[in-house]
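Only one structure is covered here, and it is reproduced in the block below.
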Amino acid sequence: MGARLIALFLGLLLVVQLAGLAALQASFARHARSVLPERLHTGSRVLQGLLDRQAQALQDGARLVAADPAFHEQLRSDDAAIIAAALNQHGTRLGATEAALVTPDFQLRASRQPDGTELAALAGRLAAAAATGGRACQVALLGGRAHHVVLVPIKAPQPAGWLLMGKPLDGGLAREMQSLSALQLTLLTQGPDSDAWLPAHSTLAPAQAQTLARHAWRAGQAPATLGAAGAELAVQPLWLTTPDSPGAGAVLAVLSLPLDDALRLPRDVQMALLAISVVGFAAFGLLGVLCVRRVTTPLGRLAAAADRLGAGDVATPVTDGVHRDDELGHLARAFEQMRVGVEHKQKEIVKLAYWDALTGLPNRVQFREALREAIRAAGDSGAPRTTVSVVMIDLDRFKQVNDVLGYRFGDLLLARIAERLSQHTVRGADLVARLGGDEFAVLLRDGGIDVARSVAQRIERAFDTPLTLEDHAIDMGGGIGFACWPQHAFDADTLLSRAEVAMHVAKRRGSGPQPYDPALDASSAQTLSLLSELRHAVDTGELRLLLQPKLALDSGDVVGAETLVRWQHPQRGLLAPPQFIPFAEQTGFIRSLTLWVFEEAARHWGTLESAGMRMPLSVNLSTRDLLDPELPQKLDALLVRHRVPAEAFCLEVTESAIMEDPQRAQATLDRLSALGFKLSIDDFGTGYSSLAHLKRLPVDELKIDKRFVLGMQADADDAKVVRSTIDLAHNLGLSVVAEGVENAAVWERLRELNCDQAQGFHLGRPMAAGEFLQWNARWVTRLRPDVPRGQVVLH
Ligand code: C2E
Ligand code: CA
Ligand code: CA
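With positions in the sequence shown counted from 1, the corresponding number in our numbering is that position plus 1448.
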């Protein structure tokens, strides 16, 4: 743009200058034309002066000769040769080609040239002119050439005649005239008997001189213009001979000036104008560049600033040109205002994106970024003991608060809780955030499990004091879980989800702060989907309840069966209990599952009974079932619904389930026993239950863990455990079941040890109810693969 502007300016300047030049030229030409006649007139006076001077010089020379005594002497000698020699000598000295001696009555006495008649006539005319007061001095045509001719009297001492001298007008006159007046001079001659003019001398080009010769000159002619050989000439004629001498010929001087030269601006003026133009152009160009720069440079910078804004850089202020007073300054300030506005908006957007509007705490997005950053920094620091922890809190009963006291109150409560959390937990670098809903988290940038635990406990204690809000005293609490990097997870997202898993466990258990434990979870996202799948499995009947027979060791009778669940998964095929039972226990879903097992077991019991097999079915209970205070009543209702007696079931409870909360377990077991259920301690030998405690429990049966039974052949210790367990159980009045009987030798050994019942693959694998009936039929008719010593099975 700058280059175009400058080109435009220079073009305008050129037009202006050309117009000025044209005006100047026109004015100059007008003026020159008006002074032309004056110039030519002056020129003719100069020429006249020159001619007069030349004529005077010739006349003075001739007078000196005429007065010279030596010349008188020579005249007096009357010798023609002497006189001719004297005339020759003086003529040569004075430059006179013509010199003649004329008698007083104008007869030629002697002359330099052989033919002197012309001279004698001329002398007469000159004398006549002098006598009438004129000068004895003229321009005359002699021999076809223009001459100055002078006539002086010779007094020696009385008049002795006349001396006539003639000197030709030569080219020198024309050149001198040109140098004096800058006019061109052309001498034209006209013979006595001719009308034609001939150019004698001229400073013009020959062709132009010829043109002048061809013109019809008239006496007294004023200056005029003539076209001559392509040029136009201003001319002024000057008659050098008197026109009133017929037969003497004529000499005409023509002063001329080419109009082109006269009217054109003089060269120095042209040069000056050119110089002014060049300087003007240069100055204008330079100024133009400076001016354009002054505009385009800030414009360019503003454009760059606009580009920056466009590219999203709103942090760099627009500083260029903001202090200017002109439009550019205005524009720059407008840009800066716009930038500040955009920056402000962006900050607000960022705030919305990173902060929780309700509590003013960082939100999940910011928390996650801060966690990532903390982990990156801890990883970079290289210090081996740096740990990053996340404590997660989920409020209990918040939904109730919302439902009962309204959302506005709920919002106020959340804000107060945020305050309390911040007050009680934050060390310098820690970060409290609201992750969403009633879920909060604390990031401990430098703190391992112990720090996390103490922060979690502090938070728990902070909830001890009820919150007072608008006359309501609210008793808030929540599940608190925590997880640490790098022990529990290697990245931020996993760490977050692990803290969440721990938090959910704490919430479920209603326990205090819970650290993450890999046993708690197979990642929470999976948990959710697995949980819904499991629910779906119950609803759509993907679960199967198998029966595994229990046999009396002494008689070989089928005396019962254990119910064992399977999941016929649509994609993953048949799943064994370890693949989903621990998960169901963690998530609390086991309670629903146990009820389903009971329903199914009740139906199986009915089936078996109607087939003539009335025997107790063993059902496995989990820790959570045992801790459920409502379990006895649920089972009772179930018995009523299915019209099944309580003796139809034997409830298997593991040692570890009892040991988790012995008092609650005892209370539940007492009530179950009171309802008529048989109770069995499962997996006996793996836990640490004390005998004293066992004694107090209302159990009927001990099941030796299959680990010992499987190992009893090879391992003497296992055999010892089996034997002492059998003895111990018998001492306590309990019947003993050995599970995991895989071969006849073990069966035999157990029989020797007085074990009461056996369960295992050697006798029968877990099977569906229908299959179980068939198996039983075969067993009874001794089609069983391996009849223990041909015993007859009594029914
Ligand atoms: P458990 O209560 O100890 O059940 C006995 C397990 O030993 C069963 O495994 C059974 O198939 C297996 N077993 C029986 N005889 C032999 C044998 O001769 N050799 C070997 N190696 N194993 C034998 P299963 O069915 O895989 O169940 C595993 C565990 O899952 C059970 O251990 C029980 O704790 C749990 N479980 C199964 N069904 C249920 C249920 O309906 N509810 C609850 N809460 N837990 C269940
Ligand atoms: Ca069992
Ligand atoms: Ca067992």
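Note that the Cβ used here is the ideal one computed from N, Cα and C, for glycine as well.
Point to revise | Limits of the alpha helix (DSSP H) - the one that residue 2203 falls within | key: Note, residue 2203: premise wrong, no alpha helix (DSSP H); not H, not E.
Exercise for review: Check the DSSP bridge columns for residue 1585 and list the partner residues they point to.
Suggested key: Residue 1585 pairs with 1598.
Check your understanding: Which of helix, strand or coil does DSSP assign to residue 2191?
Key -> Assignment of residue 2191 by DSSP, reduced to helix, strand and coil, places it in the coil class.
Exercise for review: Could you name the residues of the same chain whose beta carbon sits closer than 7 Å to that of residue 1971, not counting the 5 residues immediately before and after it, in chain order?
Suggested key: Reliability fails at residue 1971, whose pLDDT of 48 lies under 50, so the model's placement of it is uncertain and the value that follows must be treated cautiously. Same-chain partners within the cutoff: 1945.
Practice item. Look up residue 2053 in the DSSP assignment and say whether it is helix, strand or coil. Key: Looking at residue 2053 - three-state DSSP - the assignment turns out to be helix.
Review point. Nearest to residue 1565 by CA position, among 2055, 1549 and 1580, is which residue?
Key: Considering only 2055, 1549 and 1580, the residue with the shortest C-alpha distance to residue 1565 is 1549.
Review point. Are the beta-carbon atoms of residue 1837 and residue 1932 separated by less than 8 Å?
Key: Closer than 8 Å, so yes.
Exercise for review: Spell out the partners DSSP gives residue 2151 in its beta bridges.
Suggested key: In DSSP, residue 2151 forms a bridge with 2185.
Point to revise | Selection from 1453, 2074 and 1813 that minimises the alpha carbon distance to residue 2110 | key: Cα-wise, what sits closest to residue 2110 is 2074.
Check your understanding: Excluding sequence positions up to five away, which residues of its chain have a Cβ less than 7 Å from the Cβ of residue 1663?
Key -> Answer for residue 1663: 1674, listed in chain order.
Check your understanding: Any heavy atom of ligand 1 closer than 7 Å to the CB of residue 2170?
Key -> No, the beta carbon of residue 2170 sits no closer than 7 Å to any heavy atom of ligand 1.
Review point. Helix, strand or coil: how does DSSP classify residue 1398 here?
Key: Lying outside 1449 to 2243, the shown extent of the chain, residue 1398 is not represented and no answer is given.
Point to revise | residue 1690 (DSSP reduced to helix, strand or coil) | key: If DSSP states are grouped into helix, strand and coil, residue 1690 belongs with coil.
Review point. Does DSSP classify residue 1820 as helix, strand or coil?
Key: In this structure, residue 1820 counts as helix in the three-state DSSP scheme.
Practice item. Mind checking which residues open and close the beta strand (DSSP E) that includes residue 2013? Key: 2006-2017 is the span of the beta strand (DSSP E), which, as asked, contains residue 2013.
Review point. So with Cβ pairs under 8 Å, would you call residue 1782 a contact of chain C?
Key: Included in the structure is just one protein chain, with no chain C present.
**Study point:** Same chain, Cβ closer than 6 Å to residue 1631, neighbours up to 5 away in sequence not counted
**Key:** Only residues of its own chain outside the window of five on either side were considered, and among them 1491, 1703 and 1705 have a CB closer than 6 Å to the CB of residue 1631, listed in chain order.
Point to revise | Contained alpha helix (DSSP H) runs [length at least 4] in the stretch 2054-2135, N- to C-terminal order | key: Annotation note: the stretch 2054-2135 contains the following uninterrupted alpha helix (DSSP H) runs of length 4 or greater, listed N- to C-terminal: 2071-2075, 2079-2090, 2103-2108 and 2110-2123.
**Study point:** Residues near ligand 2, criterion Cβ-heavy atom distance below 6 Å
**Key:** In chain order, the hits are 2010, 2068, 2100 and 2130.
Check your understanding: Looking at the unbroken alpha helix (DSSP H) that takes in residue 1842, where does it start and where does it end?
Key -> Segment 1836-1843 is the beta strand (DSSP E) holding residue 1842; no alpha helix (DSSP H) there.
Review point. Just the Cα atoms here: how many angstroms apart are residue 1778 and residue 1482?
Key: Using only the alpha carbons, I get a separation of about 60 Å.
Review point. Residue 1933 bridges to which residues according to DSSP?
Key: DSSP, once it has assigned bridges, lists 1836 as partnering residue 1933.
Exercise for review: Consult DSSP for residue 1607 and reduce its assignment to one of helix, strand or coil.
Suggested key: In this structure, residue 1607 counts as strand in the three-state DSSP scheme.
Check your understanding: Below 8 Å between beta carbons: does that hold for residue 1769 and residue 1780?
Key -> In contact: residue 1769 and residue 1780 (Cβ atoms closer than 8 Å).
Point to revise | residue 2310: CB within 7 Å of a non-hydrogen atom of ligand 3 | key: No statement about residue 2310 is possible, as the shown extent of the chain runs from 1449 to 2243 and does not include it.
Check your understanding: Helix, strand or coil for residue 2160 per DSSP?
Key -> Of the three classes helix, strand and coil, the one that applies to residue 2160 here is coil, per DSSP.
Check your understanding: Is residue 2070 near ligand 1, judged by its Cβ being under 7 Å from some heavy atom?
Key -> Checking the 7 Å criterion, the Cβ of residue 2070 is within range of a heavy atom belonging to ligand 1.
Exercise for review: State the start and end residues of the unbroken beta strand (DSSP E) segment that holds residue 1673.
Suggested key: 1672-1676 is the extent of the beta strand (DSSP E) around residue 1673.
Review point. Run through DSSP, which three-state label would residue 1767 get?
Key: DSSP places residue 1767 in coil when its eight states are reduced to three.
**Study point:** Candidates 1809, 1844 and 1816: closest to residue 1869 by CA position
**Key:** Among 1809, 1844 and 1816, the Cα nearest to that of residue 1869 belongs to 1809.
Practice item. Kindly identify the DSSP beta-bridge partner or partners of residue 1880. Key: Residue 1880 pairs with 1890.
Point to revise | Three CB pairs or more closer than 8 Å across the stretch 2041-2048 and the stretch 1983-2001 | key: Segments in contact, yes.
Exercise for review: Measure the C-alpha to C-alpha separation of residue 1558 and residue 1531 and round it to an integer number of angstroms.
Suggested key: So the alpha carbons of these two residues sit roughly 7 Å apart.
Review point. Going along the chain, which residues of its own chain have a beta-carbon closer than 7 Å to the beta-carbon of residue 1519, five neighbours each way excluded?
Key: Annotation for residue 1519: 1513 and 1534 place their beta carbon closer than 7 Å to its own, counting only its chain and skipping 5 residues before and after.
Review point. For residue 2232, which residues from the same chain have a beta carbon less than 7 Å from its beta carbon, with the 5 sequence-adjacent residues on both sides left out?
Key: For residue 2232, the predicted model reports a pLDDT of 49, less than 50, meaning its position is unreliable; a value from the coordinates is still stated below. Short of 7 Å from the beta carbon of residue 2232, and not among the five residues preceding or following it, lie these beta carbons of its own chain, in chain order: 2226.
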